[in-house]
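For reference, the structure is listed below as structure tokens.
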Amino acid sequence: MSKTEKLKLTIAIDGPAASGKSTTARQVAQILNYLYIDTGAMYRALTLEVLNRRIPEKNEDEVVKVAKEVNIQLVPGVKGPRTILDGVDVSEEIRLPEVTHIISTISAYKEVREIMKLKQRELAKNGGVVMDGRDIGTVVLPQADVKIFMDACVDDRADRRVKELKEKSIPVDRENIKEDIIQRDLIDSTRDVAPLKPAKDAIIVDTSNLTIADQVQKVIDIVNDLL
Ligand code: CDP
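For the sequence shown, the residue numbers in this note's numbering are 2 to 228.
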């Protein structure tokens with residue numbers, strides 16, 4: 002067992018849309034043999050259920066009701082972590098543009114965030130986790146051992162998201178994707194509750210000119226420096 006495995010550190014990775022957090026967090030967790038928790042997938046699953054029930058995203062009371070009712074699980078799978086919504090694997094559906102388009106409205110509701118925060122803290126309680134999102138270092142796990150804030154210029158982020166969606170055969174329009182990213186960042190960073198921002202003690206990693214392997218190595222170096 003490696004030193005990091007024994008120490009069971011808690012690693013928080015936050016950042017704006019398509020900054021490379023999830024890919025990096027997943028690979029770092031794999032290398033360290035830690036649990037990877039994609040909090041965006043949890044908000045995405047909730048948003049999908051709101052769409053499935055045809056509830057308007059502006060109807061806060063109804064959305065909160067759904068958040069209290071649904072059972073969202075993140076489970077390991079052969080091709081990476083899977084998102085299970087009330088027993089059904091929705092890992093692909095939650096990435097659809099319809100979900101992405103309204104998610105920031107739903108994620109801004111105070112009670113929704115409270116419910117998610119408690120679930121996320123429960124998942125991280127034993128340490129040995131890499132959790133990524135928007136408010137992990139600031140609100141969900143303020144005591145995290147390592148806090149990273151990943152960022153990149155909006156054009157690079159739009160290019161990466163287009164590539165990702167094309168690989169999944171989801172039809173995309175680059176301008177729409179870029180506009181969506183800008184809109185989401187704006188809502189996420191200006192909301193009253195748990196806005197997207199670096200924690201005071203976060204290390205900023207600009208991924209604009211980095212490959213995925215570089216990004217992963219940067220985080221691993223930061224973890225190793227701490228030890
Ligand atoms: O992968 P991408 O960068 O598109 O985003 P994500 O991590 O899947 O998160 C999707 C959306 O969920 C964000 O734009 C936020 O509105 C919301 N979210 C949040 O509010 N807090 C989190 N901890 C994670 C996601």
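Each residue gets a CB set at the ideal place from its N, CA and C atoms; glycine is no exception.
### Query
Under 7 Å from any heavy atom of ligand 1, does the C-beta of R135 make it?
Your numbering for residue 135 matches position 134 in the sequence shown. Yes - ligand 1 has a heavy atom lying nearer than 7 Å to the Cβ of R135.
### Message
Suppose only complete runs of 4+ residues qualify. What are the alpha helix (DSSP H) ranges in the region 115-190, listed by chain order?
### Response
155-168
### Message
Which same chain residues end up closer than 8 Å to Q31 when comparing Cβ atoms and leaving out the 5 residues on each side of it in sequence?
### Response
Residue mapping note: residue 31 aligns to position 30 of the sequence shown, counting from 1. Excluding sequence neighbours, Q31 sits near Y37.
### Task
Tell me where the beta strand (DSSP E) around T84 begins and ends.
For the purposes of this step, residue 84 is identified with residue 83 of the sequence shown, where counting begins at 1. It spans R83 to L86 - the beta strand (DSSP E) in which T84 sits, taken as one unbroken run.
### Query
Just reading off the alpha helix (DSSP H) that I221 is part of, what are its end residues?
Working through the sequence shown from its first residue, we reach residue 221 at position 220. Counted as a single uninterrupted DSSP element, the alpha helix (DSSP H) harbouring I221 occupies residues I213 to L227.
### Task
Taking V79 and L47 to be in contact with their CB atoms under 8 Å, please state how far apart those CB atoms are, rounded to whole angstroms.
Counting from 1 along the sequence shown, the entry for residue 79 is found at position 78. Counting from 1 along the sequence shown, the entry for residue 47 is found at position 46. Their Cβ separation, rounded to whole angstroms, is 25 Å, which puts V79 and L47 out of contact at 8 Å.
### Task
Taking 8 Å as the cut-off, decide whether the C-beta atoms of V65 and V100 are in contact.
Taking the first residue of the sequence shown as 1, we reach residue 65 at position 64. Taking the first residue of the sequence shown as 1, we reach residue 100 at position 99. No, the Cβ-Cβ distance between V65 and V100 is not below 8 Å.
### Message
If I follow the unbroken alpha helix (DSSP H) through Y44, where does it start and stop?
### Response
Residue mapping note: residue 44 aligns to position 43 of the sequence shown, counting from 1. It spans T40 to N53 - the alpha helix (DSSP H) in which Y44 sits, taken as one unbroken run.
### For R27 and V131, the rounded distance between their alpha carbons
Indexing the sequence shown from 1 puts residue 131 at position 130. Indexing the sequence shown from 1 puts residue 27 at position 26. Going by the C-alpha atoms only, they are around 8 Å apart.
### Query
T11 lies in the alpha helix (DSSP H); which residues open and close that run?
The sequence position of residue 11 within the sequence shown is 10, counting from 1. No alpha helix (DSSP H) contains T11, which is instead part of the beta strand (DSSP E) from T11 to D15.
### Cβ-heavy atom distance, Y44 to ligand 1, below 7 Å
Taking the first residue of the sequence shown as 1, we reach residue 44 at position 43. Under cutoff, so the answer is yes.
### Nearest to M151 (by Cα), restricted to the options Q216, I188 and L166
Counting from one through the sequence shown, the residue named residue 151 turns up at place 150. Relative to the Cα of M151, the nearest Cα in the group Q216, I188 and L166 belongs to Q216.
### Query
If you measure from the CB of D189, is any heavy atom of ligand 1 nearer than 7 Å?
One-based indexing of the sequence shown puts residue 189 at position 188. Yes, the Cβ of D189 comes within 7 Å of a heavy atom of ligand 1.
### Query
Taking the alpha-carbon positions, what's the I137 to K7 distance?
In the sequence shown, the residue the question calls residue 137 occupies position 136. In the sequence shown, the residue the question calls residue 7 occupies position 6. One C-alpha to the other measures close to 22 Å.
### Query
Mind checking L187: buried by the 16 CB within 10 Å criterion, or exposed?
Numbered from 1 along the sequence shown, position 186 holds the residue referred to as residue 187. Label assigned to L187: exposed.
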